[in-house]
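Just add 2 to the spot in the sequence shown (first one is 1) and you have the working numbering.
Quick notes on the structure that follows.
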Amino acid sequence: MKTKKTKKPQDLSYVNKNGYEKISPADLKRSEEINKLYMDYIGKAKTEREAHDEAVLLLEAAGFRDMRGHEKSGVKLVPGDKVYRSSEGKTLMALVIGKKPFEAGMHIVGGHTDSPRIDIKQNPLYESGGLALLDTHYYGGIKKYQWVTIPLALHGVFVKPDGRKITISIGEDPSDPVFCITDLLPHLAADQYKKTIGEAIPGEGLDVVAGSIPVAEKDRKEKFKYNVLKLLHAKYGVTEADFLSAELEIVPAGKPREVGFDRSMVLAYGHDDRVCAYAGLKALLDLNGAPEYTSCVLLCDKEEIGSVGATGMASNLFENAASELLNLTSESYSELTLKRGLHNSWMLSADVNALFDPMFPSVSEKKNSAHLNHGVCVTKYTGSRGKSGSSDASAEFMAHIRRIFDRNGVLWQTGELGKVDQGGGGTIAYLMARYGMQVVDCGVGLFSMHAPMELAGKLDIYMAYKGYLAFLKDGRK
Ligand code: MN
Ligand code: MN
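Right, dumping it as structure tokens:
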């Protein structure tokens, strides 16, 4: 019997659904591939320097060349050319030159590769109570109580006055020793329990245990400290004074791990923001041929402390690099063309956001929060107390992003950082918006943001990659 076809009425409602309920087998397979590559990347990239160096290896393997070579030779860049430009070994810009001229604008995906951590002070080594210890100053917004009693690794560089650089990484190989910060036993924590969670472990209480064997020299003072100096000198050729010109970072030791019986999540140090930085980088690596608009991926430093300093996005670093790009892609350089090109650019500020956490439902407004594995999260505005400090993206630009993502099968959702007046945060979006370019925040939702180990969903990671790729390829039609 024939059934009469009735036209289904249009569903007027918007439902934010779990991605696993609608993802295709092909996407699921690709998601596992991308996540595997990502886990390999952040397993090696535990600092901004390492994130930069690993990215350069991937770029060079894919045929990208150092843009400074062109700056020296003056050889122009043409559509399809692939270049990168490094600053101080920390911040990286990578480009695929588009068919349209610079003035038409770029499509930019900008993430950051610095993560909250504990830095070693400039004169750090001392001894007390039979221990050699390293004094520290934490970097970024950490909850200090989370960093005690866990295995820690030491990464960074000593730079000698003659310019020689000694790179160290201790605690990642299973045969390496690790470091740790001690905490008080519960038996004696009566006073500590009375303190607020923010005061229980003070900033000066985050000193790292570095050794406990005294040197066998009868007349030597500070025998525990001196033994560490002897070991450092034997292995790396450094002295105590070399700490003065060093950048040493304490990070959680170990590799990222899959989470859950279904392996649907990734637990790792430094998702914020290497997850978006990597997804952007991988999207750029996977571009085929010249895009319509020049594709630009930024891996920035210093975001976690306000994007300040010579390698942060509040500096003129990006603008200077854009000037060089204009110079290399046009017959004549003009500041007006530079300004027009920046103004006409579109940007996804690729940074993480908070997920709705069932352990802490009271801090979020559920229907405006990002949910685990519902897809990449687009955040129209950040800020706090009435959107203060936010780069509020326009409805028009949100509509462009909707078009690009929906057309390319990108699973996505919107998400605010918590309830109104619960707190807040910011990204590099407002710094790029200074040029008048269209910018919106777009990245991966996290549980336990800024904790030693952060938790992210595999589909969200994959959809960030897929979304950035669609955005870079888009021809604005
Ligand atoms: Mn971030
Ligand atoms: Mn952060």
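Where is the CB? At the ideal position from N, CA and C, for every residue including glycine.
Say the cut is 6 Å; is the CB of Asp-274 nearer than that to a heavy atom of ligand 2? Within the sequence shown, the letter at position 272 stands for residue 274. Correct: Asp-274 has its Cβ closer than 6 Å to ligand 2.
Compute the Euclidean distance between the alpha carbons of Val-412 and Ala-466, then round it to the nearest angstrom. Numbered from its first residue, the sequence shown carries residue 412 at position 410. Numbered from its first residue, the sequence shown carries residue 466 at position 464. Approximately 8 Å, taken between the alpha carbons.
Beta carbon of Gly-306: closer than 6 Å to some heavy atom of ligand 2? What you label residue 306 is simply residue 304 of the sequence shown in a count that begins at 1. According to the sequence as given, residue 306 is Glu; it is not Gly. True, at least one ligand heavy atom lies under 6 Å from that Cβ.
Check whether Asp-443 and Glu-306 have beta carbons under 7 Å apart: On the sequence shown, residue 443 is found 441 positions in, with the first residue counted as 1. On the sequence shown, residue 306 is found 304 positions in, with the first residue counted as 1. No; because the gap between Cβ atoms is not below 7 Å, this pair is not in contact.
Helix, strand or coil for Ser-332? Go by DSSP, reduced to three states. Here residue 332 is taken as the residue at index 330 of the sequence shown, counted from 1. Here Ser-332 sits in coil by DSSP.
Out of Ala-458, Lys-468, Lys-475 and Leu-474, state which residue places its alpha-carbon closest to the alpha-carbon of Ile-44. Walking along the sequence shown from the start, residue 44 turns up at place 42. Of the listed residues, the one whose Cα sits closest to Ile-44 is Ala-458.
To which residues does DSSP link Pro-216 through a beta bridge? Numbered from its first residue, the sequence shown carries residue 216 at position 214. Paired residue(s): none; Pro-216 is not in a bridge.
Roughly how many whole angstroms lie between the Cα atoms of Val-277 and Asn-355? Taking the first residue of the sequence shown as 1, we reach residue 277 at position 275. Taking the first residue of the sequence shown as 1, we reach residue 355 at position 353. Rounded to the nearest angstrom, the two C-alpha atoms are 11 Å apart.
Pair every Cβ in the segment 368-378 with every Cβ in the segment 18-31, then say whether three or more of these pairs are closer than 8 Å. yes
Let me confirm a value: Phe-320 is counted as buried when at least 16 other C-beta atoms fall within 10 Å, else exposed. Which label applies? Position 318 of the sequence shown, counted from the first residue, corresponds to residue 320. Classification of Phe-320: buried, given that the 10 Å Cβ count is 16 or more.
Leu-59, enclosing beta strand (DSSP E) - first and last residue: Sequence index remark: in the sequence shown, residue 59 carries index 57 (1-based). From DSSP, Leu-59 is part of no beta strand (DSSP E) but of the alpha helix (DSSP H) over 50-63.
Per-residue burial, Asp-274 [other beta carbons within 10 Å of its own, 16 or more giving buried]: The residue given as residue 274 occupies position 272 in the sequence shown. Asp-274 comes out buried.
Go ahead and label Asn-229 buried or exposed: buried means 16 or more other beta carbons lie within 10 angstroms of its beta carbon, across all protein chains shown. Stepping through the sequence shown from its first residue, residue 229 is reached at position 227. When all chains shown are included, Asn-229 counts as buried.
Which partner residues of Glu-73 appear in the DSSP bridge assignment? The residue given as residue 73 occupies position 71 in the sequence shown. Its beta-bridge partners do not exist; DSSP assigns none.
Quick check: the Cα distance between Phe-399 and Lys-46, rounded to an integer number of angstroms? Counting from 1 along the sequence shown, the entry for residue 399 is found at position 397. Counting from 1 along the sequence shown, the entry for residue 46 is found at position 44. Answer to the nearest angstrom: the Cα atoms are 36 Å apart.
CB-CB length for Gly-420 against Val-365, believed under 8 Å: For the purposes of this step, residue 420 is identified with residue 418 of the sequence shown, where counting begins at 1. For the purposes of this step, residue 365 is identified with residue 363 of the sequence shown, where counting begins at 1. With 8 Å as the limit, Gly-420 and Val-365 qualify as a contact, their Cβ atoms being about 5 Å apart.
Cα-Cα separation, Lys-31 to Asp-264: Here the question's residue 31 lines up with position 29 in the sequence shown. Here the question's residue 264 lines up with position 262 in the sequence shown. The straight-line gap from Cα to Cα measures roughly 14 Å.
Decide if Gly-100 is buried, meaning its Cβ has at least 16 other Cβ atoms within 10 Å, or exposed. Walking along the sequence shown from the start, residue 100 turns up at place 98. Classification of Gly-100: buried, given that the 10 Å Cβ count is 16 or more.
Would you say Asp-185 and Val-150 are within 7 Å of each other, going by their C-beta atoms? Taking the sequence shown and counting its residues from 1, one reaches residue 185 at position 183. Taking the sequence shown and counting its residues from 1, one reaches residue 150 at position 148. It is a contact, given that the beta carbons lie within the stated cut-off.
Can you name, in chain order, every residue of its own chain whose Cβ lies under 6 Å from the Cβ of Ala-395, other than the five neighbours on each side? Counting from one through the sequence shown, the residue named residue 395 turns up at place 393. Result list for Ala-395: Lys-382 and Val-442, in chain order.
Could you pull out every residue in the same chain whose Cβ sits closer than 7 Å to the Cβ of Leu-344, ignoring the five residues on either side in sequence? As a position in the sequence shown, residue 344 is number 342, starting the count at 1. Excluding residues within five positions, the ones whose Cβ falls inside 7 Å are Ala-324, Tyr-437 and Met-439.
Among the residues of its own chain, which have a CB less than 7 Å from the CB of Lys-92, if the five just before and after it don't count? Taking the first residue of the sequence shown as position 1, residue 92 is located at position 90. Excluding positions up to five away in sequence, the list reads Glu-50, Arg-51, His-54, Asp-303 and Thr-313.
For the candidate residues Tyr-280, Pro-293, Ala-202 and Val-210, whose alpha-carbon lies nearest to that of His-114? Within the sequence shown, residue 114 is the residue found at index 112, counting from 1. Considering only alpha carbons, the answer is Tyr-280.
Which residue from Gln-148, Met-95 and Pro-118 puts its Cα closest to that of Ile-110? Position 108 of the sequence shown, counting from 1, holds the residue named residue 110. Comparing Cα positions, the closest option is Met-95.
What first and last residue would you give for the beta strand (DSSP E) that runs through Cys-298? Here residue 298 refers to the residue found at position 296 of the sequence shown. Unbroken beta strand (DSSP E) run through Cys-298: 296-302.
Can you tell me where the beta strand (DSSP E) holding Tyr-128 begins and where it ends? The residue labelled residue 128 in the question sits at position 126 within the sequence shown. Note, Tyr-128: beta strand (DSSP E), 119-130.
Thinking C-alpha only, which one of Leu-133, Ile-144 and Asp-137 is nearest Val-217? Residue mapping note: residue 217 aligns to position 215 of the sequence shown, counting from 1. The shortest Cα separation from Val-217 among Leu-133, Ile-144 and Asp-137 belongs to Leu-133.
What's the call for Met-361, buried or exposed, on a 16-neighbour Cβ count within 10 Å? The residue labelled residue 361 in the question sits at position 359 within the sequence shown. Burial call: exposed.
State the Cα-Cα distance for the pair Ile-144 and Lys-10, rounded to the nearest angstrom. Within the sequence shown, residue 144 is the residue found at index 142, counting from 1. Within the sequence shown, residue 10 is the residue found at index 8, counting from 1. Looking at the two C-alpha atoms, the distance is approximately 52 Å.
Contact check, Val-98 vs Leu-350, beta carbons under 7 Å: Here residue 98 refers to the residue found at position 96 when the sequence shown is read from its first residue. Here residue 350 refers to the residue found at position 348 when the sequence shown is read from its first residue. The answer is no: Cβ separation not under 7 Å.
Determine the extent of the beta strand (DSSP E) in which Ala-453 is found, giving its start and end residues. Residue mapping note: residue 453 aligns to position 451 of the sequence shown, counting from 1. Ala-453 -> no beta strand (DSSP E), and no H or E assigned at all.
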